[in-house]
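Q:
Numbering (the UniProt record's numbering), first residue to last: 1 to 59.
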């Protein structure tokens with residue numbers, strides 16, 4: 001769980017670089033009722049998504 005926030009940030013960065021939409025956050029209850037996630041382990045982490053709101057920049 002130590003690297004969960006970093007993993008999420010890398011995933012969002014990849015979506016942005018690919019030109020894909022970054023999904024909007026949903027309440028935890030929207031996920032806990034999803035049968036695809038039954039039996040999963042839940043944890044909360046804070047991710048600042050503002051840097052993924054715009055277009056990807058190229059170097």
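Note that CB positions come from ideal geometry on N, CA and C, so glycine has one too.
To which residues of the same chain is residue 45 closer than 6 Å at the C-beta, ignoring the five residues directly before and after it?
A: 4, 5
Q: Would a C-beta distance cut-off of 9 Å place residue 47 and residue 8 closer than the cut-off?
A: yes
Q: Taking the beta carbon of residue 50 as the centre, do at least 16 other beta carbons fall within 10 Å, making it buried, or is it exposed?
A: exposed
Q: Any heavy atom of the ligand MG closer than 8 Å to the CB of residue 17?
A: Ligands in the displayed structure: none, and consequently the ligand MG is not present.
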